[in-house]
Amino acid sequence: MLITLPKRLISILVASAVATAQIGPTAPSAWAAGGEPADYAACQAQDEAGFRRAITEVTLAALTKGLSSLDYKALVRDQWRSTNMDLVIDKQVDTSIEQVRGEASWLSLWSSLASKDAAQKLAVAVSERVFRSDAVKNALEALVVGAGKDIGKSIELATIDASGPAIACVRAFLGKRYGPTVAGVVGADASREFEIKPGSVTPSIGTGRVITEGAGGIAGAVVLIVRRQLAGMAQRLGQRIVGAVLGRIVATVAGGVGLILIAKDIWDFRHGVMPIISDELKSETTKEKVRDEIAVAMAEQIRTNVKEIAIATAERVVEVWREFRRAHAKVVELTEKHASFKAFLDTIRPERMPRLDEIVALVLASEGEKGVLERVANGSLHRAVNALPEPAIVIARDTRSLSLALAWSELAGTLLAKVVENDVHRRAKPEDFTRSGLMRVLALDDKLAISRLVSMRPADRQPLYELETPRLRTLARGLNEQQLSSLAGYLSKLKPANAQRVLAAVGMDPAKMLILSRPLVRDAILASRDQAAALDVVLRVSSGLDIVELNENFRLVLDGKVSPILLWEKHPVSLVMVAVLALAFLMFLWRLVFGRRTRIIVQAPNKD
358 MLITLPKRLI SILVASAVAT AQIGPTAPSA WAAGGEPADY AACQAQDEAG
408 FRRAITEVTL AALTKGLSSL DYKALVRDQW RSTNMDLVID KQVDTSIEQV
458 RGEASWLSLW SSLASKDAAQ KLAVAVSERV FRSDAVKNAL EALVVGAGKD
508 IGKSIELATI DASGPAIACV RAFLGKRYGP TVAGVVGADA SREFEIKPGS
558 VTPSIGTGRV ITEGAGGIAG AVVLIVRRQL AGMAQRLGQR IVGAVLGRIV
608 ATVAGGVGLI LIAKDIWDFR HGVMPIISDE LKSETTKEKV RDEIAVAMAE
658 QIRTNVKEIA IATAERVVEV WREFRRAHAK VVELTEKHAS FKAFLDTIRP
708 ERMPRLDEIV ALVLASEGEK GVLERVANGS LHRAVNALPE PAIVIARDTR
758 SLSLALAWSE LAGTLLAKVV ENDVHRRAKP EDFTRSGLMR VLALDDKLAI
808 SRLVSMRPAD RQPLYELETP RLRTLARGLN EQQLSSLAGY LSKLKPANAQ
858 RVLAAVGMDP AKMLILSRPL VRDAILASRD QAAALDVVLR VSSGLDIVEL
908 NENFRLVLDG KVSPILLWEK HPVSLVMVAV LALAFLMFLW RLVFGRRTRI
958 IVQAPNKD
């Protein structure tokens, strides 16, 4: 089916081709002088909107300058040869000529020799078929993809060129408000957004889906924007090229027919102007026009979207700042409100920012904003951020207290990691220990034993420090905290010989602490006049009801050597049995002495 275009559209296309015959760079922005802004006053805007505008201008200037030297004609020529476009067009011209000639009547072909309108109609039909054919479209797509790879490299360089002025603008905006640390961190983060790692990304522009993978941040956004604009260009170029070449072809077939036909054989009359159209479409002049039109189209697409690229860049840079602000919200807030905190922040290295965030949050929760400022003034915040080892930060995190973390760090020194490893900070306070006492406990190197000792009251723990480490470890593993406290009480209040006897007995059988740790038993032993005899009563092994042992212990009580409480604690069953027997015996004696009680029965008189 013959494809035709309205005359008005043809004239517009021809005019467009003439108007865009030359390719030149757009006028640079006021920021572009020397490749970077001469004055960063605009970057010191009072709000984010002004900051965004300044970044847009900076980026626009750098991108415009970077892309202005791009030779689109040379790129198109290189890809024209690579894709063998001459042969593709020549073959498609022959095919299209045959198709149109086969569809046209002899009369229309002959009339084209004398009629300008008929000649133009045939020229339009052939040109449409050539440049809208699948073969030419596919070749154009390959050409655009190839040229796009080279454009992508130029975009990469232009993007890198844009990073310097843009980062300088970021630092100008943030440095005055938040100091060099914040400006440096955000600037470094934004700078990474401009990077394309060599070898991992090949910035290229395709006409289909996204070809390049791995391009992230601003650099990736720039490449994607340009890729999107060039996508489908091959499909649009067909009509544009038709409009560009038709003017020349129509003029030739309309005005040069007579001269050309002088040299033609009369037999060629049957083809009308078709030979002329074929020669013109295959001519180097027409192909140069096609190349120019492709270069113009690509340049227009890039230049008209540099502004969009600059806006996207500014949006991403501002988003980097917002991400930083969200991640360090409290630090940023304190910096805005307090000059002293801003000055302190200037002394913090960027890699310490996460720790600063955590410590500030801890201090705010426990001491409030006033506490943060006080710690800035006395230097403890600086020490916490820059000098505290990681175990101290764990303590601060677990206890929700920077004060405890500082105190534990001061007390434990190089042993702080063991404090954390054995959860000492969870069970005790640093004021509960001297350094030597803490070292004594940690020397046990047994988490269960250590946890039981640190859970004791400091005064109860002290006597146990006199024991050898292996012995203390064994006792601490075998006894609970209450039993250990009782044992410590014995060690501190008994005579040395009696204390060693308790240790020996408990070491042989930790179950003996079950009775020794009872408060009544402990107090009774310590209150006894003869503590050695009292220990004999408690520690002697009993086997059921032993009358002899009960008698001996009873005599000790009667003599006042041993507290009566120990007799009850040692022989509760025996004493109960004795009491029951004694009560039964007393009742029996009562019956013997007083006999049975006389009962008087009163009988009513018989009425009969």
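Here the numbering used here is used: the first residue of the sequence shown is 358, the next is one more, and so on.
Yeah, the Cβ is synthetic: ideal placement off N, Cα and C, and Gly gets one too.
In whole angstroms, what separates the C-alpha of Pro820 from that of Ser849? One-based indexing of the sequence shown puts residue 820 at position 463. One-based indexing of the sequence shown puts residue 849 at position 492. Their Cα atoms are separated by approximately 6 Å.
Classify Val878 as helix, strand or coil using the three-state DSSP reduction. For the purposes of this step, residue 878 is taken as the residue at position 521 of the sequence shown. Helix at Val878.
Might you give, ordered along the chain, the residues of its own chain that have their beta carbon closer than 8 Å to the beta carbon of Glu823, omitting 5 neighbours on each side? Mapped onto the sequence shown, residue 823 falls at position 466. The beta carbon of Glu823 sits closer than 8 Å to those of Leu848, all from its chain and outside the five residues before and after it, given in chain order.
Which value, in whole angstroms, describes the spacing of the CA atoms of Asn855 and Val751? Here residue 855 refers to the residue found at position 498 of the sequence shown. Here residue 751 refers to the residue found at position 394 of the sequence shown. When rounded, the separation of the alpha-carbon atoms in Asn855 and Val751 is 44 Å.
On the premise that Pro707 lies in contact with Leu527, defined as a C-beta separation below 8 Å, what is that separation, rounded to the nearest angstrom? For this step, residue 527 is matched to residue 170 along the sequence shown. For this step, residue 707 is matched to residue 350 along the sequence shown. Here residue 527 turns out to be Val, not Leu, going by the sequence shown. Rounded, the Cβ-Cβ distance is 14 Å, inconsistent with contact.
Do Ile524 and Ser548 have their C-beta atoms closer together than 7 Å? As a first step, residue 524 must be located in the sequence shown, where it is residue number 167. As a first step, residue 548 must be located in the sequence shown, where it is residue number 191. It is a contact, given that the beta carbons lie within the stated cut-off.
Assigned secondary structure, Val919 (DSSP; H/G/I helix, E/B strand, else coil): Taking the sequence shown and counting its residues from 1, one reaches residue 919 at position 562. Assigned with DSSP and collapsed to three states, Val919 falls in coil, not helix or strand.
How should Lys852 be labelled, buried or exposed, when 16 other C-beta atoms within 10 angstroms of its C-beta is the threshold for buried? In the sequence shown, the residue the question calls residue 852 occupies position 495. It counts as exposed.
Is any beta-carbon of chain B found at less than 7 Å from that of Glu731? Protein chain content of the structure displayed is limited to a single chain, and chain B is not contained in it.
In terms of residues, what are the limits of the alpha helix (DSSP H) holding Pro522? Numbered from 1 along the sequence shown, position 165 holds the residue referred to as residue 522. Where Pro522 is concerned, the enclosing alpha helix (DSSP H) stretches over 491 to 535.
Does the region 681 to 696 come into contact with the region 411 to 422, if we say contact requires no fewer than three beta-carbon pairs (one atom in each stretch) closer than 8 Å? Here the region 681 to 696 does not lie against the region 411 to 422, with fewer than 3 beta-carbon pairs under 8 Å apart.
Could you check what DSSP says for Ile705 in three-state terms: helix, strand or coil? Indexing the sequence shown from 1 puts residue 705 at position 348. Looking at Ile705 - three-state DSSP - the assignment turns out to be coil, as it is neither helix nor strand.
Under the three-state reduction of DSSP, which class applies to His782: helix, strand or coil? The count along the sequence shown starts at 1 and reaches residue 782 at position 425. The answer is helix: DSSP assigns His782 an H, G or I state.
So Val784 packs on Ser812, CB below 8 Å; how close in whole Å? Taking the sequence shown and counting its residues from 1, the one referred to as residue 784 is at position 427. Taking the sequence shown and counting its residues from 1, the one referred to as residue 812 is at position 455. The displayed chain sequence assigns Arg, not Val, to residue 784. Sure, about 5 Å apart at Cβ, within 8 Å.
Do Val777 and Pro746 count as a contact pair if the criterion is CB distance below 7 Å? Position 389 of the sequence shown, counted from the start, is the residue given in the question as residue 746. Position 420 of the sequence shown, counted from the start, is the residue given in the question as residue 777. Against a cut-off of 7 Å, the Cβ pair of Val777 and Pro746 comes out as no contact.
For Asp893, I'd like the list of residues in its chain whose CB is within less than 7 Å of its CB, leaving aside the five on either flank, ordered along the chain. Your numbering for residue 893 matches position 536 in the sequence shown. Once the five neighbours on either side are set aside, Asp893 has no close Cβ partner at all.
Boundaries (first-last residue) of the alpha helix (DSSP H) holding Lys448: As a working mapping, residue 448 is identified with position 91 in the sequence shown. Per DSSP, Lys448 belongs to the alpha helix (DSSP H) from 442 to 460.
Would you kindly check if the distance between the Cβ of Glu637 and the Cβ of Thr643 is under 7 Å? In the sequence shown, residue 643 corresponds to position 286, counting from 1. In the sequence shown, residue 637 corresponds to position 280, counting from 1. In this structure, Thr643 places its C-beta atom within 7 Å of the C-beta atom of Glu637.
Please report how far the alpha carbon of Lys364 lies from the alpha carbon of Ala418, in whole angstroms. As a position in the sequence shown, residue 364 is number 7, starting the count at 1. As a position in the sequence shown, residue 418 is number 61, starting the count at 1. In this prediction, Lys364 has a pLDDT of 33, which is less than 50 and means its spatial position is unreliable; nothing more can be read from the coordinates.
Burial state of Ala389, where buried means 16 or more other Cβ atoms lie within 10 Å: As a working mapping, residue 389 is identified with position 32 in the sequence shown. Residue placement at Ala389 is poorly supported in this model, since its pLDDT is 36, which falls under 50; the coordinates still yield a value, given next. Label assigned to Ala389: buried.
Between Ala515 and Gly544, what straight-line distance do the alpha-carbon atoms span, to the nearest angstrom? The residue labelled residue 515 in the question sits at position 158 within the sequence shown. The residue labelled residue 544 in the question sits at position 187 within the sequence shown. The straight-line gap from Cα to Cα measures roughly 18 Å.
If you draw a straight line from the alpha carbon of Leu420 to that of Ile659, how long is it in whole angstroms? Start at 1 with the first residue of the sequence shown, and residue 420 comes out as number 63. Start at 1 with the first residue of the sequence shown, and residue 659 comes out as number 302. Computed Cα separation, rounded: 10 Å.
What separation, rounded to the nearest whole angstrom, lies between the Cα atoms of Leu432 and Pro711? By 1-based counting over the sequence shown, the position of residue 432 is 75. By 1-based counting over the sequence shown, the position of residue 711 is 354. Between the alpha carbons of Leu432 and Pro711 lies a distance of about 48 Å.
Ala744 and Ala753 closer than 7 Å at C-beta: To locate residue 744, count along the sequence shown from 1; it is residue 387. To locate residue 753, count along the sequence shown from 1; it is residue 396. No; because the gap between Cβ atoms is not below 7 Å, this pair is not in contact.
Alpha carbon to alpha carbon, how far is Glu838 from Arg809? Against the sequence shown, residue 838 aligns to sequence position 481. Against the sequence shown, residue 809 aligns to sequence position 452. Just so you know, the alpha carbons of Glu838 and Arg809 end up roughly 5 Å apart.
Is Gly425 helix, strand or coil when you go by DSSP? Taking the first residue of the sequence shown as 1, we reach residue 425 at position 68. The question names Gly, yet the displayed sequence has Ser at residue 425. Shown here, Ser425 sits in a helix according to DSSP, grouped into three states.
Do Lys639 and Val450 come within 7 Å of each other at the CB atom, strictly closer than that value? On the sequence shown, residue 450 is found 93 positions in, with the first residue counted as 1. On the sequence shown, residue 639 is found 282 positions in, with the first residue counted as 1. In this structure, Lys639 lies closer than 7 Å to Val450 by Cβ.
When we look at the beta-carbon of Ala891 and count the other beta-carbons within 10 Å, is it buried (16 or more) or exposed? Indexing the sequence shown from 1 puts residue 891 at position 534. By the neighbour-count criterion, in which 16 or more other beta carbons inside 10 Å mark a residue as buried, Ala891 falls on the buried side.
Quick one: any contact between the region 483 to 503 and the region 441 to 458, if contact means 3 or more CB pairs under 8 Å? Result yes; three or more Cβ-Cβ pairs closer than 8 Å.
State the DSSP-derived secondary structure class of Asn662, mapped to helix, strand or coil. Walking along the sequence shown from the start, residue 662 turns up at place 305. DSSP places Asn662 in coil when its eight states are reduced to three.
Option nearest Trp437 by Cα separation, candidates Glu498, Ser426, Ser484: Taking the first residue of the sequence shown as position 1, residue 437 is located at position 80. When each option's Cα is compared against that of Trp437, the closest is Glu498.
Under 7 Å between the Cβ atoms of Arg409 and Val733? Residue numbering aside, residue 409 sits at position 52 when the sequence shown is read from its first letter. Residue numbering aside, residue 733 sits at position 376 when the sequence shown is read from its first letter. Not closer than 7 Å, so no.
Per-residue DSSP class, three states only, for Lys869: Locating residue 869 in the sequence shown gives position 512, counting from the first residue. DSSP, read as helix, strand or coil, puts Lys869 in helix.
Considering Cα atoms alone, identify which of Leu759, Leu799, Glu788, Asp755 is closest to Thr771. Start at 1 with the first residue of the sequence shown, and residue 771 comes out as number 414. Closest by alpha carbon: Leu799.
Assigned secondary structure, Glu825 (DSSP; H/G/I helix, E/B strand, else coil): Your numbering for residue 825 matches position 468 in the sequence shown. Coil at Glu825, not helix or strand.
Cβ-based neighbour list, Ser307, same chain, cut-off 6 Å, excluding 5 preceding and 5 following: Residue 307 lies beyond the stretch modelled for the chain, which goes from 358 to 965, so this question has no answer here.
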